[in-house]
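A quick write-up on the structure given underneath.
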Amino acid sequence: MANFTLSDEAGQDLKSIAHYTLDRFGYEQARKYRYELHETLMLLTKRPGIGAGCEQIRTQTRRFSHLSHIIYYRPLKQGILVLRILHHSQDPLGRL
1 MANFTLSDEA GQDLKSIAHY TLDRFGYEQA RKYRYELHET LMLLTKRPGI GAGCEQIRTQ
61 TRRFSHLSHI IYYRPLKQGI LVLRILHHSQ DPLGRL
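Numbering (full-length UniProt numbering), first residue to last: 1 to 96.
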């Protein structure tokens with residue numbers, strides 16, 4: 001069964017996103033955004049090729065946009081490794 005694994009950095013990204021969303025938009029929106037992000041990650045585990053390649057940033061890495069964030073990941077045999085989840089305004093070059 002395909003699944004996703006979070007890098008330490010991606011785990012921190014998720015925590016930061018949750019705290020920011022909770023502070024700015026409240027509990028319900030934070031819960032909804034986390035659920036939608038999880039659904040997107042599950043979609044990527046099933047269809048890892050739908051993300052755009054970004055070899056110029058990091059080899060064997062793909063990216064997929066989810067609302068205000070971009071998920072950077074590496075396809076694996078049984079799912080994906082999530083490298084980072086960055087806001088659209090963040091430059092990935094120094095973060096991947």
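Note that the Cβ used here is the ideal one computed from N, Cα and C, for glycine as well.
(request) Would you please state the rounded distance, in angstroms, between the beta carbons of Y73 and R62? I believe it to be under 8 angstroms. (result) The residue given as residue 73 occupies position 73 in the sequence shown. The residue given as residue 62 occupies position 62 in the sequence shown. Confirmed, Cβ separation roughly 6 angstroms.
(request) Out of T40, F4, L6, state which residue places its alpha-carbon closest to the alpha-carbon of S68. (result) Translated into the one-based positions of the sequence shown, residue 68 becomes position 68. Nearest of T40, F4, L6 to S68, Cα basis: T40.
(request) Assign L86 to buried or exposed, taking buried as 16 or more other Cβ atoms, counted over all protein chains shown, within 10 Å of its Cβ. (result) Taking the sequence shown and counting its residues from 1, one reaches residue 86 at position 86. The residue in question, L86, is buried, as its Cβ has 16 or more Cβ neighbours within 10 Å.
(message) According to DSSP, simplified to helix, strand and coil, what is I80?
(response) Translated into positions along the sequence shown, residue 80 becomes position 80. In the structure shown, I80 sits in a strand (DSSP, three-state: E or B).
(request) Could you tell me the distance, in whole angstroms, from the CA atom of E36 to the CA atom of F4? (result) In the sequence shown, the residue the question calls residue 36 occupies position 36. In the sequence shown, the residue the question calls residue 4 occupies position 4. Spanning the two alpha carbons is a distance of roughly 15 angstroms.
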